[in-house]
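These protein sequences, in sequence, are chains R and Y.
When you number the first sequence by this note's numbering, it's gap-free, plus one each residue, and the end is 670.
When you number the second sequence by this note's numbering, it's gap-free, plus one each residue, and the end is 670.
C-beta atoms are modelled at their ideal positions from N, C-alpha and C, and glycine is treated no differently.
It should be emphasised that the depicted structure is a prediction, and the values quoted were computed from it without experimental measurement.
Contents: one structure, followed by commentary.
Protein chains: 2
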Amino acid sequence: MQQVQKDPVQAIAMRVKIEREARGWSLAELAERSGVSKAMISKIERCEASPTATVLGRLSGAFGLPLSVLLALAERVQERIAPHAEQPVWTDPETGYTRRAISPPNSMLELIDVSLPPGVRVPYPAAAFAFQHQQIWVLSGRLDFQEGAALHHLSEGDCLLLGPPVDCVFFNPGKIPTRYVVALTRR
Amino acid sequence: MQQVQKDPVQAIAMRVKIEREARGWSLAELAERSGVSKAMISKIERCEASPTATVLGRLSGAFGLPLSVLLALAERVQERIAPHAEQPVWTDPETGYTRRAISPPNSMLELIDVSLPPGVRVPYPAAAFAFQHQQIWVLSGRLDFQEGAALHHLSEGDCLLLGPPVDCVFFNPGKIPTRYVVALTRR
DNA sequence: GTCAATCGTCTTTTATAGTGGACGCCAAAA
DNA sequence: TTTTGGCGTCCACTATAAAAGACGATTGAC
Numbered sequence: 484m485q486q487v488q489k490d491p492v493q494a495i496a497m498r499v500k501i502e503r504e505a506r507g508w509s510l511a512e513l514a515e516r517s518g519v520s521k522a523m524i525s526k527i528e529r530c531e532a533s534p535t536a537t538v539l540g541r542l543s544g545a546f547g548l549p550l551s552v553l554l555a556l557a558e559r560v561q562e563r564i565a566p567h568a569e570q571p572v573w574t575d576p577e578t579g580y581t582r583r584a585i586s587p588p589n590s591m592l593e594l595i596d597v598s599l600p601p602g603v604r605v606p607y608p609a610a611a612f613a614f615q616h617q618q619i620w621v622l623s624g625r626l627d628f629q630e631g632a633a634l635h636h637l638s639e640g641d642c643l644l645l646g647p648p649v650d651c652v653f654f655n656p657g658k659i660p661t662r663y664v665v666a667l668t669r670r
Numbered sequence: 484m485q486q487v488q489k490d491p492v493q494a495i496a497m498r499v500k501i502e503r504e505a506r507g508w509s510l511a512e513l514a515e516r517s518g519v520s521k522a523m524i525s526k527i528e529r530c531e532a533s534p535t536a537t538v539l540g541r542l543s544g545a546f547g548l549p550l551s552v553l554l555a556l557a558e559r560v561q562e563r564i565a566p567h568a569e570q571p572v573w574t575d576p577e578t579g580y581t582r583r584a585i586s587p588p589n590s591m592l593e594l595i596d597v598s599l600p601p602g603v604r605v606p607y608p609a610a611a612f613a614f615q616h617q618q619i620w621v622l623s624g625r626l627d628f629q630e631g632a633a634l635h636h637l638s639e640g641d642c643l644l645l646g647p648p649v650d651c652v653f654f655n656p657g658k659i660p661t662r663y664v665v666a667l668t669r670r
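Laid out in structure tokens, this is it:
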């Protein structure tokens, strides 16, 4: 699904908005970080302007991405299938904690497949979720989930709806790896 | 050497010019193919304008490249070391003819390392070089080089300076692979 | 309820991206 | 030599990208 000649304005619009909202930034905040006026960012996100290379460079700089990567992400905007082989996976070399992004890029609803080795503890700071709605579903093994002051003991098949943002900790109290899904929707 | 926030105008300028000249296109020809005025293309190549996303989309379309790829190439513009592992290599599955681009992208002077299996014949049409200056240096083995009507027999260490563009043929008359270098400068 | 703060959009003005055409500059040919 | 044609740049004009600030809507605090 390579796009070789369509006007990139719409794809860029969606991608910029996604990157901004994923960071929980308002137009004003992105404007300050990038040096691009918020009026212009607003227009870009609504496809009412075709940003210049200079402006795109400032925006990608604010996101900490090379411009070509921002554009590559933009071109993937309308993909609907995320083949297993192409899903980004990250493994913590120290603990063996593995995290796989299941959903196609850009989805409103994001699914993450996590594998937590026995005895491993993963903190999850409150600041990391500017999300509106988040659930945790245990596929196999056991999970102790600390949500602020509360501690939840989850077993295979359990599903937990998260409350307002607080510091959390994932912990696997069992002898086998725990596999669970994090499902979240943005704003 | 990822570029995360510099203004991309200069890198784009160089890359557009390279892509255009590599295809032997004049400003007018690229203008017609892309729908961008040649005055604008001229400005872009001389860093006197920051092209909009729409214009970049049209240009990359004319080149047959996804926009993100054009930008990725642009970001590599000032690389000065081309590590062996990153040099693009192409092998003809039928003949075993192998061609490796030695020089960093974008150089004025380009070096190509070619390996030609015994008995293999590779034609090289005149249209393929809009280059001003081109030399062939045999590293090992023997090479029969037909340049238009003339036939040159080259042995290890020989270096041939090419004349004006004509149809050429590379041929390995020996029993072992021939390895030679093509060195060329544009314009 | 009021007030204040913040958000995204809209308005006005300026800077500049983009176009079409004229121009000067080599080449190669007559 | 002059001519011719193709090339890239420059010029004048138009379209629009970009900035700065005003505006209405929403939200939370009191």
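Between the alpha carbons of Y:Gly631 and R:Arg503, how many angstroms are there, rounded? Counting from 1 along the second sequence, the entry for residue 631 of chain Y is found at position 148. Counting from 1 along the first sequence, the entry for residue 503 of chain R is found at position 20. Taking the straight line from one Cα to the other gives about 60 Å.
Return the residues of the segment 526-539 of chain Y that lie within a Cβ-Cβ distance of less than 7 Å from chain R, sorted by chain order. Cβ contacts with chain R come from Ser533, Pro534, Thr535, Ala536, Thr537 and Leu539.
Segment contact, 8 Å Cβ cut-off, at least three pairs: the segment 545-560 of chain Y with the segment 493-509 of chain Y: Yes, since at least three Cβ pairs between the segment 545-560 of chain Y and the segment 493-509 of chain Y fall closer than 8 Å, the two stretches touch.
May I ask which residues mark the beginning and end of the beta strand (DSSP E) holding R:Arg516? Position 33 of the first sequence, counted from the first residue, corresponds to residue 516 of chain R. Careful: R:Arg516 lies outside any beta strand (DSSP E), inside the alpha helix (DSSP H) at Leu510 to Ser517.
Local conformation of R:Arg503 per DSSP, three classes: Sequence index remark: in the first sequence, residue 503 of chain R carries index 20 (1-based). Reduced to three states, the DSSP call for R:Arg503 is helix.
Going by beta-carbon coordinates alone, are R:Thr535 and Y:Ser533 separated by less than 8 Å? Position 52 of the first sequence holds residue 535 of chain R. Position 50 of the second sequence holds residue 533 of chain Y. Closer than 8 Å, so yes.
Under 8 Å, Cβ to Cβ, is there at least one residue of chain R near Y:Glu593? Locating residue 593 of chain Y in the second sequence gives position 110, where the first residue counts as 1. For Y:Glu593, no Cβ of chain R is located within less than 8 Å of the residue's own Cβ.
Compare the C-beta of Y:Glu502 against all C-beta atoms of chain R and say whether one is closer than 8 Å. Residue numbering aside, residue 502 of chain Y sits at position 19 when the second sequence is read from its first letter. Nearest CB-CB separation between Y:Glu502 and chain R: not below the 8 Å threshold.
Taking 8 Å as the threshold (C-beta atoms), are R:Arg582 and R:Val603 in contact? Numbered from its first residue, the first sequence carries residue 603 of chain R at position 120. Numbered from its first residue, the first sequence carries residue 582 of chain R at position 99. Contact: no.
Whose Cβ in chain R lies nearer than 7 Å to the Cβ of Y:Ala522? Taking the second sequence and counting its residues from 1, the one referred to as residue 522 of chain Y is at position 39. None at all; the shortest Cβ gap to chain R is about 17 Å.
What are the boundary residues of the alpha helix (DSSP H) that Y:Ala555 is part of? Here residue 555 of chain Y is taken as the residue at index 72 of the second sequence, counted from 1. Segment Leu550 to Glu558, the alpha helix (DSSP H) holding Y:Ala555.
As assigned by DSSP and simplified to three states, the class of Y:Val665: Residue mapping note: residue 665 of chain Y aligns to position 182 of the second sequence, counting from 1. Residue state, collapsed to three classes: strand.
With H, G and I counted as helix, E and B as strand and the rest as coil, what does DSSP make of Y:Glu528? Against the second sequence, residue 528 of chain Y aligns to sequence position 45. Three-state DSSP puts Y:Glu528 in a helix.
Classify R:Ala536 as helix, strand or coil using the three-state DSSP reduction. Here the question's residue 536 of chain R lines up with position 53 in the first sequence. DSSP places R:Ala536 in helix when its eight states are reduced to three.
Check this for me: beta carbons of Y:Leu594 and Y:Asn655, under 8 Å apart or not? For this step, residue 594 of chain Y is matched to residue 111 along the second sequence. For this step, residue 655 of chain Y is matched to residue 172 along the second sequence. Cβ atoms of Y:Leu594 and Y:Asn655: not closer than 8 Å.
Taking CB distances under 8 Å as the criterion, tell me whether R:Val519 reaches chain Y. Along the first sequence, one-based indexing puts residue 519 of chain R at 36. Not one beta carbon of chain Y lies nearer than 8 Å to the beta carbon of R:Val519.
To the nearest angstrom, how far is the alpha carbon of R:Arg454 from that of Y:Leu542? No information on residue 454 of chain R is available, as it lies outside the stretch 484 to 670 that chain R covers here.
What does a CB cutoff of less than 7 Å around Y:Ala613 pick up in its chain, not counting 5 residues either side in sequence? To locate residue 613 of chain Y, count along the second sequence from 1; it is residue 130. Reliability fails at Y:Ala613, whose pLDDT of 47 lies under 50, so the model's placement of it is uncertain and no value is given.
Could you compute how far the alpha carbon of R:Leu622 sits from the alpha carbon of R:Asp650? The residue you call residue 622 of chain R lines up with position 139 of the first sequence. The residue you call residue 650 of chain R lines up with position 167 of the first sequence. About 23 Å.
Could you check if R:Met484 is buried or exposed, using at least 16 other CB atoms within 10 Å of its CB as the buried criterion? As a first step, residue 484 of chain R must be located in the first sequence, where it is residue number 1. Unreliable placement is indicated for R:Met484, whose pLDDT of 44 sits below 50; no coordinate value is reported for it.
Check the Cβ of Y:Asp490 against every Cβ in chain R and list those closer than 7 Å, keeping chain order. Translated into the one-based positions of the second sequence, residue 490 of chain Y becomes position 7. The contacting residues are Thr537 and Gly540.
Could you pull the start and end residues of the beta strand (DSSP E) that R:Asp627 belongs to? For the purposes of this step, residue 627 of chain R is taken as residue 144 along the first sequence, with counting starting at 1. Looking at the DSSP string, the run of the beta strand (DSSP E) that includes R:Asp627 is Leu626 to Glu630.
Hey, out of R:Gln629, R:Lys658 and R:Tyr663, whose CA is closest to R:Gly640's CA? Translated into positions along the first sequence, residue 640 of chain R becomes position 157. When each option's Cα is compared against that of R:Gly640, the closest is R:Tyr663.
Are the C-beta of Y:Leu513 and some C-beta of chain R separated by less than 8 Å? Position 30 of the second sequence holds residue 513 of chain Y. It does not: the Cβ of Y:Leu513 has no partner Cβ on chain R nearer than 8 Å.
Can you give me the start and stop residues for the beta strand (DSSP E) that Y:Val572 sits inside? For the purposes of this step, residue 572 of chain Y is taken as the residue at position 89 of the second sequence. Val572 to Thr574 is the extent of the beta strand (DSSP E) around Y:Val572.
For the candidate residues Y:Val605, Y:His567 and Y:Ile585, whose alpha-carbon lies nearest to that of Y:Asp575? As a position in the second sequence, residue 575 of chain Y is number 92, starting the count at 1. Closest by alpha carbon: Y:Val605.
Among the residues of its own chain, which have a CB less than 6 Å from the CB of R:Tyr607, if the five just before and after it don't count? Here residue 607 of chain R refers to the residue found at position 124 of the first sequence. Here the set comprises Cys651.
Using a Cβ-Cβ cut-off of 8 Å, state whether R:Met497 counts as contacting chain Y. Sequence index remark: in the first sequence, residue 497 of chain R carries index 14 (1-based). No, R:Met497 lies away from the interface with chain Y (no Cβ there is under 8 Å from its Cβ).
R:Gln618 bridges to which residues according to DSSP? Within the first sequence, the letter at position 135 stands for residue 618 of chain R. Answer by DSSP bridge pairing, in chain order: R:Leu644 and R:Ala666.
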